[in-house]
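Read in numbering that gives the first Met the number 0, the sequence shown has 232 at position 233, and its numbers run on one by one without any break. Positions of the beta carbon are idealized from the N, C-alpha and C atoms, including for glycine. A quick note: this is a predicted structure, and the numbers were derived from the prediction, not measured. To start, the structure itself, in structure tokens.
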Amino acid sequence: MSYFVFNGISSESMGIRIQSKSVYSAPKYDLSLTSIPGRDGDLISPNGRFSNITISYNCFLPAKSIEELADKITRVKNWLYKEPGKYHDLTDSYDKEFLRKALFNSKLDISDECMKIGVFTISFSCKPLRYLISGLVKQTYSSSVILTNEFSFTAKPYIKVNGKGTGTLTINNKIWHFETLNGYTECDSELMNYYHDTTLKNDKVTGDGFPTFEYGENHIEFSGGITSVEIIPRWVSL
């Protein structure tokens with residue numbers, strides 16, 4: 000049976016049946032086109048990002064009575080509108096190797112048929128890139144390693160740098176210097192922060208922005224007081 004899982008809860012557990020879906024579309028690249036008098040073709044001004052994409056499931060909710068239908072609809076609303084101001088994980092049976100970061104912020108218009116079947120569309124506003132689920136698993140490395148990005152999109156990893164004192168992390172010839180490791184320093188390239196527990200450490204790391212993994216081989220080395228690194232690569236694709 001077809002299903003989707005949003006914020007840790009499956010549509011199956013809600014009694015929802017999926018009639019059709021729109022899950023394979025690609026997002027629009029965000030850019031501006033400017034017409035210049037006397038010049039053929041528009042001037043392209045890229046904004047360096049993809050826009051969110053809408054993922055939709057056309058559903059129905061069977062019930063044996065109008066009272067049961069009303070109860071099921073209440074449960075569905077409580078599920079979808081819980082924590083509405085943040086993204087949650089979205090997976091489904093159509094694309095089992097990837098997950099999306101999804102936000103439910105749309106209306107939920109439910110019509111009933113024969114007083115026993117609720118018919119509706121559930122639409123999520125999703126971040127444009129899908130995450131490879133196997134790329135969300137943390138791995139620990141105590142020596143240099145090569146990680147291969149099979150997708151043509153830049154990955155923004157989580158890296159925990161373990162050690163004491165000072166150390167150097169090198170990725171594809173880009174260098175980051177860590178001061179006062181004091182056990183470990185965490186780096187989240189998506190959040191663009193270095194930290195230790197809840198304490199920011201941005202002033203204790205110098206280097207070229209935040210680590211990323213580009214398409215192809217990524218050579219990772221470390222030295223000095225760094226003893227190991229823990230990495231969640233976060234491979235992504237459209």
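Asked                                                                                                                  : Found
Residue 63 - DSSP class collapsed to helix/strand/coil                                                                 : coil
Anticipated Cβ contact below 8 Å, residue 26 with residue 127, distance rounded                                        : 4 Å
Residue range of the beta strand (DSSP E) that includes residue 180                                                    : Taken as a continuous stretch (DSSP letters only), residue 180 belongs to no beta strand (DSSP E), as it is neither H nor E.
Alpha-carbon spacing of residue 221 relative to residue 183, whole angstroms                                           : 13 Å
Residue burial classification, residue 141 (beta-carbon count within 10 angstroms, cutoff 16)                          : exposed
Whole alpha helix (DSSP H) elements within the region 43-130, 4-residue minimum                                        : 65-79
Residue 170 and residue 125 closer than 8 Å at C-beta                                                                  : no
Enclosing beta strand (DSSP E) for residue 193 [first to last residue]                                                 : 192-195
Through-space distance from residue 225 to residue 161, alpha-carbon basis                                             : 6 Å
Residue 210 vs residue 158 beta-carbon contact at 8 Å                                                                  : yes
Burial state of residue 21, where buried means 16 or more other Cβ atoms lie within 10 Å                               : exposed
Exposure of residue 202, with buried meaning 16 or more beta-carbon neighbours within 10 Å                             : exposed
DSSP three-state assignment for residue 187, whether helix, strand or coil                                             : strand
Residue 36 burial status per 10 Å Cβ neighbour count (16 or more: buried)                                              : exposed
Whether residue 91 touches residue 3 by CB criterion (8 Å)                                                             : yes
Residue 207 in three-state terms, based on DSSP                                                                        : coil
Spatial neighbours of residue 189 in its chain, beta-carbon cut-off 8 Å, leaving aside the 5 residues before and after : 155, 157 and 233
Bounding residues of the beta strand (DSSP E) (the contiguous stretch that carries residue 153)                        : No beta strand (DSSP E) contains residue 153, which DSSP labels as neither H nor E.
Paired residues, beta bridge with residue 140 - DSSP                                                                   : 228
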